[in-house]
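Undergrad: Residue numbers (this note's numbering): 16 to 342.
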Amino acid sequence: MAQVAYTITMTKPRLTEQQARRIKAQRTQQSTDAVGDGEKGTVIARYGKQALVESATGDRVLCHLRSHLESPVAGDEVIWVRSDEAGVITALAERKNVLHRPDIKGHLRPVAANIQLLLVVFAPEPAPQPNLLDRYLVAAEHMGVEAALILNKADLINHSALAEQLACYAALGYRTLTTHQGMPDASDLAQLIGDSTVVLVGQSGVGKSSLIQRLLPDVAIRVGALSELADKGRHTTTTAELFHLPNGGRLIDSPGVREFGLGHVTPTDIALGFREFAPFLGLCRFRDCQHEQEPECALRAAVADGHISEARFESYRQIRQSGVGAG
Ligand SMILES: Nc1nc2c(ncn2[C@@H]2O[C@H](COP(=O)(O)OP(=O)(O)O)[C@@H](O)[C@H]2O)c(=O)[nH]1
Ligand SMILES: [Mg+2]
Ligand SMILES: [Zn+2]
16 MAQVAYTITM
26 TKPRLTEQQA
36 RRIKAQRTQQ
46 STDAVGDGEK
56 GTVIARYGKQ
66 ALVESATGDR
76 VLCHLRSHLE
86 SPVAGDEVIW
96 VRSDEAGVIT
106 ALAERKNVLH
116 RPDIKGHLRP
126 VAANIQLLLV
136 VFAPEPAPQP
146 NLLDRYLVAA
156 EHMGVEAALI
166 LNKADLINHS
176 ALAEQLACYA
186 ALGYRTLTTH
196 QGMPDASDLA
206 QLIGDSTVVL
216 VGQSGVGKSS
226 LIQRLLPDVA
236 IRVGALSELA
246 DKGRHTTTTA
256 ELFHLPNGGR
266 LIDSPGVREF
276 GLGHVTPTDI
286 ALGFREFAPF
296 LGLCRFRDCQ
306 HEQEPECALR
316 AAVADGHISE
326 ARFESYRQIR
336 QSGVGAG
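1) Note down, in chain order, each residue of its chain lying with its Cβ closer than 7 angstroms to the Cβ of residue 222, except the 5 sequence neighbours on either side.
2) Quick one: using the 10 Å Cβ neighbour count with 16 as the cut-off for buried, is residue 88 buried or exposed?
3) Whole angstroms are fine: how far does the CA of residue 163 sit from the CA of residue 57?
4) Between residue 62 and residue 254, what straight-line distance do the alpha-carbon atoms span, to the nearest angstrom?
5) Which full runs of the beta strand (DSSP E) of 3+ residues lie inside the stretch 87 to 155, going along the chain?
6) On the DSSP letters alone, give me the boundaries of the beta strand (DSSP E) that residue 57 sits inside.
7) Quick one: is the Cβ of residue 169 within less than 8 angstroms of any heavy atom of ligand 1?
8) For the alpha helix (DSSP H) that residue 161 lies in, which residues bound it at each end?
9) Would you mind sorting residue 218 into buried or exposed? The rule is 16 or more other CB atoms within 10 Å of its CB.
10) Measuring from the CB of residue 218, is there a heavy atom of ligand 1 at a distance below 8 angstroms?
11) Go ahead and pull the three-state DSSP assignment for residue 75.
12) Taking 8 angstroms as the cut-off, does the stretch 105 to 124 touch the stretch 170 to 187 (at least 3 CB pairs, one atom from each stretch)?
13) In its own chain, which residues sit with a C-beta less than 6 angstroms from the C-beta of residue 323, not counting the 5 before and 5 after it?
14) Where does residue 249 sit, in a helix, a strand or coil, going by DSSP?
15) At the level of alpha carbons, what is the spacing between residue 114 and residue 280?
16) Going straight from the alpha carbon of residue 116 to that of residue 128, what length do you get?
17) State the Cα-Cα distance for the pair residue 108 and residue 259, rounded to the nearest angstrom.
18) Since I believe residue 288 is in contact with residue 156 (beta carbons under 8 angstroms), could you give me their beta-carbon distance rounded to a whole number of angstroms?
19) Excluding the 5 residues flanking residue 110 on each side, which residues of the same chain have their C-beta closer than 8 angstroms to its C-beta?
20) Among residues of its own chain, excluding the 5 on either side of residue 46, which ones have a beta-carbon nearer than 8 angstroms to its beta-carbon?
21) If you drop the 5 nearest sequence neighbours on each side, which residues of the same chain put their C-beta closer than 8 angstroms to that of residue 189?
22) Roughly how many angstroms lie between the CA atoms of residue 336 and residue 297, to the nearest whole one?
23) Would residue 80 pass as a contact of residue 103 if the rule is Cβ separation under 9 angstroms?
24) So if DSSP puts residue 267 in a beta bridge, which residue, or which two residues, is it bridged to?
Encoded structure:
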């Protein structure tokens with residue numbers, strides 16, 4: 016069966032002047048909870064031309080969209096108006112960020128908004144694809160969103176390489192967690208999330224759905240490869256859905272994500288996405304240094320001096336060489 020290559024792109028919103036004016040108007044509106052007949056709400060999930068909106072008091076109403084509005088997605092804050100059977104979304108609040116993914120035709124579509132923490136999950140099985148973790152981290156840095164790394168399925172660890180890799184990321188300042196589903200207590204995971212809005216990313220099969228299930232034992236979550244295969248076969252459009260966690264956190268599950276590419280990211284963005292490179296950027300002899308063979312390259316000197324790990328530098332070079340937008 017052909018591999019379906021999904022790509023996620025993370026972009027900070029770039030607003031047109033018209034959008035900016037509209038948002039400014041909306042923001043003024045939102046200074047009060049009730050706006051005319053409208054009220055504030057959060058988008059839980061998007062279903063085609065409708066969105067499930069949760070009101071400030073927690074009830075959920077299926078709302079129609081107005082065509083002139085930008086497409087709302089899970090995590091969006093909106094103003095909506097109740098009517099007899101359904102509601103109507105009348106305004107979309109300014110997004111702090113958006114996570115994008117291409118649809119079946121390759122058009123970038125927003126899937127989740129206002130993310131505060133990207134939880135990057137990896138496991139001994141399936142083994143991490145080369146550079147994948149660093150790609151997620153570059154995207155998170157580019158988006159200005161905190162990332163944390165979860166080494167999952169720890170019961171399958173049979174040599175120390177992955178644990179050492181996790182320790183390297185911890186040394187770079189990322190929060191990390193090692194866990195597996197045989198650990199009934201998920202409080203360390205809940206603690207990592209806190210009251211943030213998070214999205215889980217990682218290869219298919221690393222146990223993302225199982226992690227959600229551990230946090231929300233009473234919610235029916237589809238676990239395992241069969242459901243994903245069934246989805247692929249039917250070409251169903253799976254939708255991102257927002258779950259509330261008991262201690263105030265919010266988790267947006269974005270099903271069907273298998274691979275990760277970086278779009279709209281320049282070579283400079285990639286270098287900036289490796290946070291330990293920052294002290295050395297701009298110090299090379301040549302301003303346009305590619306950090307390959309040039310003399311007096313500050314980055315390569317930092318690798319030689321042990322300030323930057325060879326593995327991370329090699330990963331950086333591979334991500335650059337693979338083409339910025341490649342999945
Ligand atoms: N050994 C082991 N298997 C796990 C663990 N977590 C999940 N799995 C299994 O890995 C498979 C994929 O899990 P799933 O949560 O669907 O992964 P997802 O594709 O990332 O959402 C399922 O068969 C799970 O039962 C774990 O901690 N240890
Ligand atoms: Mg899953
Ligand atoms: Zn250089």
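Where a beta carbon is used, it is the ideal one built from N, C-alpha and C, also for glycine.
TA: Working from what's here:
1) Working through the sequence shown from its first residue, we reach residue 222 at position 207. 136, 138, 167, 168 and 196, listed in sequence order.
2) Within the sequence shown, the letter at position 73 stands for residue 88. Classification for residue 88: buried.
3) Along the sequence shown, one-based indexing puts residue 57 at 42. Along the sequence shown, one-based indexing puts residue 163 at 148. The alpha-carbon atoms of residue 57 and residue 163 are separated by roughly 25 angstroms.
4) Here residue 62 corresponds to residue number 47 of the sequence shown, with the count starting at 1. Here residue 254 corresponds to residue number 239 of the sequence shown, with the count starting at 1. Approximately 7 angstroms between the Cα atoms of the pair.
5) As far as the stretch 87 to 155 is concerned, its whole beta strand (DSSP E) runs of at least 3 residues are 92 to 97, 102 to 107, 113 to 117, 123 to 128 and 132 to 137.
6) The sequence position of residue 57 within the sequence shown is 42, counting from 1. That run of the beta strand (DSSP E) goes 53 to 62.
7) Here the question's residue 169 lines up with position 154 in the sequence shown. Yes, the Cβ of residue 169 comes within 8 angstroms of a heavy atom of ligand 1.
8) Start at 1 with the first residue of the sequence shown, and residue 161 comes out as number 146. Careful: residue 161 lies outside any alpha helix (DSSP H), inside the beta strand (DSSP E) at 161 to 166.
9) Counted from its first residue, the sequence shown places residue 218 at position 203. Under the 10 Å beta carbon count, residue 218 is surrounded by 16 or more other beta carbons and is classified as buried.
10) Reading the sequence shown from its first residue, position 203 is the one you call residue 218. True, at least one ligand heavy atom lies under 8 angstroms from that Cβ.
11) Mapped onto the sequence shown, residue 75 falls at position 60. Reduced to three states, the DSSP call for residue 75 is strand.
12) Contact between the stretch 170 to 187 and the stretch 105 to 124 is absent, because fewer than three Cβ pairs lie under 8 angstroms.
13) Within the sequence shown, residue 323 is the residue found at index 308, counting from 1. If we look at residue 323 and ignore the five residues flanking it on each side, its Cβ neighbours are 291 and 317.
14) Taking the first residue of the sequence shown as 1, we reach residue 249 at position 234. Bear in mind that the predicted position of residue 249 carries a pLDDT of just 41, short of 50, making it unreliable; the figure below should be weighed with that in mind. The answer is helix: DSSP assigns residue 249 an H, G or I state.
15) Your numbering for residue 114 matches position 99 in the sequence shown. Your numbering for residue 280 matches position 265 in the sequence shown. Cα to Cα, residue 114 sits roughly 14 angstroms from residue 280.
16) Numbered from its first residue, the sequence shown carries residue 116 at position 101. Numbered from its first residue, the sequence shown carries residue 128 at position 113. For residue 116 and residue 128, the distance between alpha carbons rounds to 12 angstroms.
17) The residue you call residue 108 lines up with position 93 of the sequence shown. The residue you call residue 259 lines up with position 244 of the sequence shown. Each residue's alpha carbon lies about 20 angstroms from the other.
18) Residue mapping note: residue 156 aligns to position 141 of the sequence shown, counting from 1. Residue mapping note: residue 288 aligns to position 273 of the sequence shown, counting from 1. Sure, about 4 angstroms apart at Cβ, within 8 angstroms.
19) Here residue 110 refers to the residue found at position 95 when the sequence shown is read from its first residue. If we look at residue 110 and ignore the five residues flanking it on each side, its Cβ neighbours are 28, 91, 128 and 129.
20) To locate residue 46, count along the sequence shown from 1; it is residue 31. Low confidence applies to residue 46: its pLDDT is 43, below 50, so where it sits in the model is not reliable, and the reading given next is rough at best. So no residue of the chain qualifies.
21) Here the question's residue 189 lines up with position 174 in the sequence shown. Cβ neighbours of residue 189 beyond the five flanking positions: 152, 162, 163 and 164.
22) Mapped onto the sequence shown, residue 336 falls at position 321. Mapped onto the sequence shown, residue 297 falls at position 282. Approximately 20 angstroms between the Cα atoms of the pair.
23) Your numbering for residue 80 matches position 65 in the sequence shown. Your numbering for residue 103 matches position 88 in the sequence shown. Taking 9 angstroms as the Cβ cut-off, residue 80 and residue 103 qualify as a contacting pair.
24) The residue given as residue 267 occupies position 252 in the sequence shown. Paired residue(s): 214 and 257.
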